[in-house]
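> Which chain is which? The protein sequence lines are A and B, in order. According to this note's numbering, the first sequence is numbered sequentially starting from 1. According to this note's numbering, the second sequence is numbered sequentially starting from 1001.
Number of protein chains: 2
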Amino acid sequence: MELYEAIGRRRDTRAEFTGEALDPEVLQRILGAANLAPSVGMSQPWVFVTVREQPTLDAFRDHVLAERDIFAADLVGERVETFAKVKIEGIRESGLGIVVGYDPTTAGEQVLGRHAIADAGLYSVCLAIQNLWLAATAEGVGVGWVSFYREEFLAELVGFPAHIRPVAWLCVGPVAELPEVPDLERFGWRGRSPLEAALHAERYQR
Amino acid sequence: MELYEAIGRRRDTRAEFTGEALDPEVLQRILGAANLAPSVGMSQPWVFVTVREQPTLDAFRDHVLAERDIFAADLVGERVETFAKVKIEGIRESGLGIVVGYDPTTAGEQVLGRHAIADAGLYSVCLAIQNLWLAATAEGVGVGWVSFYREEFLAELVGFPAHIRPVAWLCVGPVAELPEVPDLERFGWRGRSPLEAALHAERYQR
Chain A
1 MELYEAIGRR
11 RDTRAEFTGE
21 ALDPEVLQRI
31 LGAANLAPSV
41 GMSQPWVFVT
51 VREQPTLDAF
61 RDHVLAERDI
71 FAADLVGERV
81 ETFAKVKIEG
91 IRESGLGIVV
101 GYDPTTAGEQ
111 VLGRHAIADA
121 GLYSVCLAIQ
131 NLWLAATAEG
141 VGVGWVSFYR
151 EEFLAELVGF
161 PAHIRPVAWL
171 CVGPVAELPE
181 VPDLERFGWR
191 GRSPLEAALH
201 AERYQR
Chain B
1001 MELYEAIGRR
1011 RDTRAEFTGE
1021 ALDPEVLQRI
1031 LGAANLAPSV
1041 GMSQPWVFVT
1051 VREQPTLDAF
1061 RDHVLAERDI
1071 FAADLVGERV
1081 ETFAKVKIEG
1091 IRESGLGIVV
1101 GYDPTTAGEQ
1111 VLGRHAIADA
1121 GLYSVCLAIQ
1131 NLWLAATAEG
1141 VGVGWVSFYR
1151 EEFLAELVGF
1161 PAHIRPVAWL
1171 CVGPVAELPE
1181 VPDLERFGWR
1191 GRSPLEAALH
1201 AERYQR
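Next up, the structure:
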């Protein structure tokens, strides 16, 4: 698939997982794309944990649904009804979670490009996630980033030591389709705004 | 360009900028790719400031070179000599800086998917940067992420208000070539490690 097509067709997938097992070679290519991401000082500070065991999937899903309730309890007006329609995870349906972590220790103490900006390593991990997401799209595979969780819960669930920070739970698997319109737009939560809204010349303009 | 080819050919560009002006339509496509990135709760929390004015480029470059010296002063042994060979920026040579910021206020107070993880918005900004970087690669355009700077300095330079956090300065422009081998590997700073070093099944293994 062409790059621009992959960028346009990429969706945050929730309801479309078929439950079929992902071809191990496809998974390898997707993760290989992540490992080719740029990283500060070539530190490659990412960790990937593939989770398929049912008790782990179930435990994470229960936690996520409880966090969904916490968010929902704070909503008012039409947001309550609109949010009720939005599916926020496909943890069990996808059958595969890829937990992505940030390990700041992969390249020793003196990481080139990180002395002034501690979060530069965290940024690298996100670049790897986007490579993974686009590669999955090109393979016709769905990815759904779940962020309704507490980091401590996820760290303990997959056994991260204290220095590794969880960055994402990605639901990954074959999908019936990649929808044309993002879920949040389709369900009336929020639509996409044009580039012009974010673009400034020389200096930021209020 | 095919997605996997773009992922493989993407380089962090420093010395290869030709100084030619970037075609405005190409720039528009590259930034459009960034704006199509996934974002938590469809918040699109990114800000792009294109910088071309010479005094701004010069001021940023001076700051970056001073930060380079600070990093260099902490190195010992063979790292000193190895680092001396590494070019860390192409600010003036590229002629165009794209400053990327994180604005947490683009989608109001209740951002779907951010209540438990404050940094989820910051992650979205990084996903947009990777889209931009891959689109540039497909267009034969170089991108070099400079991270030798203090956030306060860059925020003031481009006039970010207090709530917008600078995430990156990207040098962007036509290049003579995209090198086969990353600079840090070529100069002996650090090579790439294989996916297997980062991969775990079910739980993180020490």
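All residues carry an ideal CB built from backbone N, CA and C; glycine is no exception.
Pick from B:D1119, B:K1087, B:E1156, B:A1006: whose alpha carbon is nearest that of Q203 of chain A?
In the sequence on display, residue 203 of chain A carries Arg and not Gln. Out of B:D1119, B:K1087, B:E1156, B:A1006, B:E1156 has the C-alpha closest to the C-alpha of R203 of chain A.
> Of all the residues that make up the segment 165-179 of chain A, which are near chain B by a beta-carbon distance shorter than 8 Å?
Flagged, chain order: V167, A168.
> Please confirm whether S193 of chain A and Q1130 of chain B have their CB atoms less than 8 Å apart.
Their beta carbons are not under 8 Å apart, which means S193 of chain A does not touch Q1130 of chain B by this criterion.
> Rounding to the nearest angstrom, what Cα-Cα distance links E1180 of chain B and R11 of chain A in this structure?
So the two alpha carbons sit approximately 31 Å from each other.
> Going by C-alpha to C-alpha distance, which of A:L178, A:R165, A:T106 sits closest to G140 of chain A?
Ranking A:L178, A:R165, A:T106 by Cα distance to G140 of chain A puts A:L178 first.
> Alpha carbon to alpha carbon, what distance is there between F1153 of chain B and V1146 of chain B?
Cα to Cα, the separation comes out at about 14 Å.
> Counting only C-beta atoms, is R192 of chain A closer than 8 Å to chain B at any point?
For R192 of chain A, the answer is yes, since a Cβ of chain B falls inside 8 Å of its Cβ.
> Which ranges does the alpha helix (DSSP H) cover as unbroken runs of at least 4 residues, wholly within the segment 1029-1082 of chain B, from first to last along the chain?
The qualifying runs are 1054-1073.
> Report all residues from its chain with a CB closer than 7 Å to the CB of H1063 of chain B; omit the five preceding and five following residues, and keep chain order.
Cβ within range, chain order: Y1149, F1153.
> For W286 of chain A, which of helix, strand or coil comes out of DSSP?
The requested residue 286 of chain A does not occur in the structure, where chain A is confined to residues 1 to 206.
> To the nearest angstrom, how far is the alpha carbon of Q54 of chain A from that of R14 of chain A?
Cα-Cα distance, rounded: 18 Å.
> I need the straight-line Cα distance from A1136 of chain B to E1025 of chain B, nearest angstrom please.
If I take the Cα positions, the gap works out to 12 Å.
> Determine whether the Cβ of P38 of chain A lies closer than 8 Å to any Cβ atom of chain B.
Yes, P38 of chain A lies at the interface with chain B (some Cβ there is under 8 Å from its Cβ).
> Could you give the distance in angstroms between the alpha-carbon of W133 of chain A and the alpha-carbon of Y1123 of chain B?
Near 14 Å, if we compare the C-alpha coordinates of Y1123 of chain B and W133 of chain A.
> Using a Cβ-Cβ distance under 8 Å, would E1025 of chain B count as near chain A?
It does not: the Cβ of E1025 of chain B has no partner Cβ on chain A nearer than 8 Å.
> Put I1164 of chain B into one of helix, strand or coil per three-state DSSP.
The answer is coil: DSSP assigns I1164 of chain B none of H, G, I, E or B.
> Whose C-alpha, out of A:A176, A:F48, A:R9, A:R165, is nearest the C-alpha of V99 of chain A?
That would be A:F48, whose Cα lies nearest to the Cα of V99 of chain A.
> Would you please verify whether the beta carbon of Y4 of chain A is less than 8 Å from any beta carbon of chain B?
Y4 of chain A counts as touching chain B.
> From the DSSP output, which residues share a beta bridge with L1199 of chain B?
Answer is A:F48.
> Where does F1187 of chain B sit, in a helix, a strand or coil, going by DSSP?
Residue state, collapsed to three classes: coil.
> Taking buried to mean at least 16 other C-beta atoms within 10 Å of its own C-beta, is T1106 of chain B buried or exposed?
Buried, since its Cβ has 16 or more Cβ neighbours within 10 Å.
> Report all residues from its chain with a CB closer than 6 Å to the CB of E89 of chain A; omit the five preceding and five following residues, and keep chain order.
Cβ neighbours of E89 of chain A beyond the five flanking positions: V64, V146.
> If you draw a straight line from the alpha carbon of R1114 of chain B to that of A1066 of chain B, how long is it in whole angstroms?
Between R1114 of chain B and A1066 of chain B, the C-alpha separation is close to 36 Å.
> At a CB distance below 9 Å, what residues from the segment 113-129 of chain A approach chain B? Give them in sequence order.
If the cut-off is 9 Å between Cβ atoms, the segment 113-129 of chain A has G113, R114, H115, A116, I117, D119, A120, L122, Y123, S124, V125, C126, L127, A128, I129 near chain B.
> Should F1017 of chain B and S1094 of chain B be called a contact, given that it needs their Cβ atoms to be closer than 8 Å?
Yes. Within cutoff.
> When the distance is taken between beta carbons, is P1182 of chain B closer than 8 Å to L1127 of chain B?
Not in contact: L1127 of chain B and P1182 of chain B (Cβ atoms no closer than 8 Å).
> If you measure from the beta carbon of Q44 of chain A to each beta carbon in chain B, is any gap under 8 Å?
Yes, because at least one Cβ of chain B sits closer than 8 Å to the Cβ of Q44 of chain A.
> Step through the CB atoms of chain B and report whether any lies within less than 8 Å of the CB of L132 of chain A.
With 8 Å as the cut-off, L132 of chain A does not count as an interface residue toward chain B.
> In whole angstroms, what separates the C-alpha of L1096 of chain B from that of L199 of chain A?
Rounded to whole angstroms, L1096 of chain B to L199 of chain A spans 14 Å at the Cα level.
> Can you round the beta-carbon distance between L1112 of chain B and I1091 of chain B to whole angstroms, since I take them to be within the 8 Å contact cut?
Contact flag wrong, Cβ pair sits at about 37 Å.
> Can you list, in chain order, the residues of its chain with a C-beta nearer than 7 Å to that of R68 of chain A? Leave out the 5 residues immediately preceding and following it.
Closer than 7 Å at Cβ, skipping near neighbours: I88, F148.
> Provide the residue span of the alpha helix (DSSP H) that contains Y4 of chain A, from first to last.
Start and end: 3-9.
> When we look at the beta-carbon of R1206 of chain B and count the other beta-carbons within 10 Å, is it buried (16 or more) or exposed?
It counts as exposed.
> Looking only at its own chain, which residues have a Cβ that is under 6 Å from the Cβ of D1103 of chain B, when we skip the five neighbours before and after it?
Closer than 6 Å at the Cβ level, and outside the excluded window around D1103 of chain B, lie P1045, V1047, I1164.
> For a cutoff of 8 Å on Cβ pairs, would you count V54 of chain A as touching chain B?
Residue identity differs from the one stated: residue 54 of chain A is Gln in this sequence, not Val. Q54 of chain A does not count as touching chain B.
> When DSSP builds the beta bridges, which residues end up paired with V143 of chain A?
The partner list for V143 of chain A (beta bridge, DSSP) reads A:D12, A:V172.
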